[in-house]
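Enquirer: Quick one: this structure, given as structure tokens, is what I'll be asking you about.
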Amino acid sequence: MKKTLLLLTLFTIPLLLSAQYFKSQPLYAGYWGGKTTLKISTIDSSYHLEIKALSKRLKGTQFRIKPVQINGKNYQIVRTQDVIHIKDESEETVLMTSNHQMQVVMADGETFHKNKFRRRNFTYLNESGEVVIEARLRDNVFNHVVEITMHENEPLLLALCVEMLTRLAREQVWL
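Position 109, counted from 1, in the sequence shown is what the working numbering calls 109; the numbers after and before it change by one each time, with no gaps.
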């Protein structure tokens with residue numbers, strides 16, 4: 001029993017070291033204003049993501065736009081009904097989701113699938129079934145914390161997960 005436990009820990013340590021772990025400060029979603037910006041980064045600061053807490057609605061449409069900055073590159077998250085598009089600075093779509101964000105398609109044709117229809121704790125898998133990113137929302141009574149483990153280098157998928165979890169945190173505060 002001790003040998004198998006030791007072997008399991010030895011095999012999981014390299015996996016944990018290769019993954020990048022993101023954890024936000026408490027969000028306090030009930031106190032967000034129009035200028036509130038959320039900042040999430042890794043412990044070693046190799047990734048830095050800034051996202052506006054609240055989106056703005058385009059007049060005359062159902063589109064909601066939210067600016068995102070990932071390691072100095074600017075993007076926009078455009079939300080329509082249940083579909084999310086992430087556009088780069090040249091207004092080209094670089095990531096698009098299906099209804100309820102169960103499938104993600106990148107601009108180069110790469111696809112990712114969500115493992116289960118859960119909103120608080122989910123993972124995205126690549127075409128071969130390997131975990132690319134794990135995301136979860138932990139909460140207390142009035143604050144929420146976003147925790148994301150990125151196994152592969154997919155910054156746009158990271159932005160999508162942060163958008164989904166911050167929106168859920170805001171919805172839960174107002175319920």
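Here a beta-carbon is modelled for each residue, glycine too, at the ideal position from N, C-alpha and C.
Runs of 3 residues minimum, wholly inside the stretch 40–97: which ones carry the beta strand (DSSP E) assignment?
Expert: 48–52, 64–70, 73–80, 83–87, 93–97
Enquirer: Within its chain, find whatever has a CB closer than 6 Å to the CB of residue 21; leave out the 5 residues flanking it on each side and keep chain order.
Expert: 149
Enquirer: Evaluate residue 24 with the Cβ neighbour count: other Cβ atoms within 10 Å of its Cβ, from every protein chain shown; 16 or more gives buried, anything less gives exposed.
Expert: buried
Enquirer: Just verifying my parser: in three-state terms, what is the DSSP assignment at residue 113?
Expert: strand
Enquirer: Alpha carbon to alpha carbon, what distance is there between residue 86 and residue 108?
Expert: 14 Å
Enquirer: Please state the DSSP three-state secondary structure of residue 166.
Expert: helix
Enquirer: Please determine if the stretch 119–126 and the stretch 61–69 are in contact, where contact requires at least 3 C-beta pairs separated by less than 8 Å.
Expert: With contact defined as three or more Cβ pairs closer than 8 Å, the stretch 119–126 and the stretch 61–69 are not in contact.
Enquirer: What's the call for residue 196, buried or exposed, on a 16-neighbour Cβ count within 10 Å?
Expert: Residue coverage of the chain in this structure runs from 1 to 175, which leaves residue 196 outside it and unanswerable.
Enquirer: Work out the CA separation of residue 55 and residue 34 for me, nearest whole Å.
Expert: Cα to Cα, residue 34 sits roughly 8 Å from residue 55.
Enquirer: Taking 8 Å as the limit between beta carbons, can you name the residues of its chain near residue 158, skipping five residues before and five after?
Expert: Once the five neighbours on either side are set aside, the close Cβ partners of residue 158 are 22, 47, 49, 70, 133, 148, 150.
Enquirer: Quick one: give me the first and last residue of the beta strand (DSSP E) that residue 23 is part of.
Expert: 20–23
Enquirer: Please go through the same chain and pick out, in chain order, the residues whose beta-carbon is closer than 7 Å to the beta-carbon of residue 165, but skip the five residues on each side of it.
Expert: 135, 137, 146
Enquirer: Secondary structure at residue 140, three-state DSSP: helix, strand or coil?
Expert: It is coil, neither helix nor strand.
Enquirer: On the criterion of 16 or more Cβ atoms from any shown chain inside 10 Å, does residue 78 qualify as buried, or is it exposed?
Expert: buried
Enquirer: Going by DSSP in three states, residue 31 sits in which element: helix, strand or coil?
Expert: helix
Enquirer: Are the CB atoms of residue 27 and residue 144 nearer to each other than 7 Å?
Expert: yes
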